[in-house]
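Add 2 to the 1-based position in the sequence shown for this note's numbering, that's all there is to it.
Each residue gets a CB set at the ideal place from its N, CA and C atoms; glycine is no exception.
No experiment lies behind these values; they were computed from the predicted model shown.
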Amino acid sequence: MVTVVDVAKKAGVSVATVSRVLNSNYIVTKEKRDKVLKAIDELGYVPKTTVRSEKNGDKKVIVVVAAAIIHEVIAGIQDFGEQHGYEVMISYHASQTKSSQPWSFLPKDQLGGLIILNMLFDEQELQEISDKVPVVQCTQYTSIPNTYAVTVDDENATNHAVSHLIETGKRNIAFIGLGIEDGEGLISPNFSKDRYIGYRRALEDNDIPFNPDLVKFGDYTYESGVQSARELLEREIPIDGVFCVTDNLAVACINTFKETGYRIPEDIAVCGFDNQEISEMTNPKLTTVDQPFYEIGYESMRMLESIIRGEISTGRRVLIEHKLIKRGSTVS
């Protein structure tokens, strides 16, 4: 069965680009549009028709609650949903937490479940929601009893990335993560914690002493990445590599280091995480960990259906294999 992933590979573009072409989105260039349409024709791809669920007479609605719209993830969710008779509704929220419940307008017997994409509810709120409706967390997760989540193995992926920096000869490697001080300590999302553990493990595996002065935490914004990069330089501690937990932070580091006169990667190598489109818009292009977002979305929907059907009742976290994309920010 031909999927949008096959079309993307054939055309040499991202799944997001294929999705935009299929939805007649104006922001796709003519060159990419032509490539996608040619691939669709050659592969014989046909958007899937919806099949009614064998268990339910009417289609159930799956609500994707998202703080960031990742087209590949949405495509994976929609493909599985269409194949199995579910209607998918996207509810976007700019903040990372949301106390309101945008699915509450749906009749109880129509709501199939929730997929929480790139968004963090606090533990109490998430537990209350999970007690009422099936929930799968996607790309990020908050730990509660009986958690269902689909992500990459953040610790091993980061270990892979930092080990790559070490293999290129870098020894003084900084870490820029996500976290804020609340008076009682650092509050950091689980994925950032796991990536920090992977960073520490890579140093230990290569007999490199850990230096806490090379660790910075901030928020998701580009400005936070700029600030972290400047603070690292102001400390006048030799650094020759930086791992950032998001591509946005990594791009901020590249630009800040270059503006200060450093060469990338000769003086300072930079690695990010996510393989978002911004990673190919820098000079040099950004080395980053690729998350197979389509597969993450598809498997999240598969897991949610298993919960809905009563096939699984014990929480689990499914780990999807990552890939390290090596580009000019770490290799000349």
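Short Cβ contact (8 Å threshold) for residue i with residue j
i: Gly274; j: Thr290; result: yes
i: Ala271; j: Tyr224; result: no
i: Gly78; j: Glu297; result: yes
i: Ile168; j: Asn208; result: yes
i: Phe245; j: Val154; result: no
i: Ile309; j: Gly115; result: yes
i: Gly179; j: Phe219; result: yes
i: Ile256; j: Thr284; result: yes
i: Val67; j: Ile118; result: yes
Euclidean distance between Cα positions of residue i and residue j
i: Ser93; j: Asp36; result: 31 Å
i: Pro18; j: Glu127; result: In the sequence under discussion, the amino acid at residue 18 is Ala, which differs from the Pro named in the question. If you take the alpha carbons of Ala18 and Glu127, they lie about 31 Å apart.
i: Val228; j: Val152; result: 31 Å
i: Ile76; j: Gly299; result: 6 Å
i: Glu236; j: Asp269; result: 16 Å
i: Val48; j: Val23; result: 13 Å
i: Gln139; j: Glu44; result: 36 Å
i: Thr51; j: Ile322; result: Legend: pLDDT at Thr51 = 44, less than 50; position of this residue unreliable, no value from coordinates given.
i: Asp221; j: Arg329; result: 25 Å
i: Ile199; j: Asp156; result: 9 Å
i: Thr149; j: Gln103; result: 19 Å
i: Ile327; j: Asn277; result: 8 Å
i: Arg54; j: Phe123; result: Confidence in Arg54 is poor, its pLDDT being 39 and thus under 50, which makes the residue's placement too unreliable to answer from.
i: Pro286; j: Asn158; result: 25 Å
i: Lys11; j: Thr5; result: 10 Å
i: Phe82; j: Lys61; result: 13 Å
i: His95; j: Leu234; result: 33 Å
i: Asp311; j: Ala69; result: Sequence inspection shows Arg at residue 311; the Asp mentioned does not correspond to that position. Between Arg311 and Ala69, the C-alpha separation is close to 27 Å.
i: Lys182; j: Ile189; result: Note that residue 182 is Ile in the sequence shown here, rather than Lys. Near 5 Å, if we compare the C-alpha coordinates of Ile189 and Ile182.
i: Glu84; j: Arg304; result: 12 Å
Anticipated Cβ contact below 8 Å, residue i with residue j, distance rounded
i: Gly243; j: Asn174; result: 7 Å
i: Val90; j: Ile64; result: 5 Å
i: Phe212; j: Arg202; result: 6 Å
i: Leu288; j: Ala231; result: The Cβ separation is near 14 Å, so there is no contact.
i: Glu125; j: Thr144; result: 6 Å
i: Ala176; j: Ile241; result: 5 Å
i: Ala13; j: Val20; result: 7 Å
Per-residue burial, residue i [other beta carbons within 10 Å of its own, 16 or more giving buried]
i: Asn250; result: buried
i: Gln293; result: buried
i: Thr332; result: buried
i: Thr31; result: exposed
i: Phe193; result: buried
i: Thr262; result: exposed
i: Lys110; result: exposed
i: Leu306; result: buried
i: Lys325; result: exposed
i: Glu238; result: exposed
i: Lys40; result: exposed
i: Lys134; result: exposed
i: Thr248; result: buried
i: Phe295; result: buried
i: Glu206; result: exposed
i: Gln80; result: buried
i: Lys57; result: Caution is warranted here: a pLDDT of 45 is assigned to Lys57, below 50, making its placement in the model unreliable, and no coordinate value can be reported.
Which residues DSSP lists as bridging residue i, in chain order
i: Ser93; result: Val67
i: Tyr2; result: Given a span of 3 to 334 for the chain in the structure shown, any question on residue 2 remains unanswerable.
i: Tyr88; result: Lys62
i: Thr290; result: Gly274 and Ile327
i: Gln139; result: Ile118 and Ala151
i: Phe219; result: Gly179
i: Cys255; result: According to DSSP, which records beta bridges pairwise, Cys255 is partnered with nothing at all.
i: Ile189; result: Ile182
i: Gly243; result: Ile175 and Ala271
Within-8 Å CB hit, residue i to chain D
i: Thr141; result: Within the model displayed, chain D is absent; a lone protein chain is all it includes.
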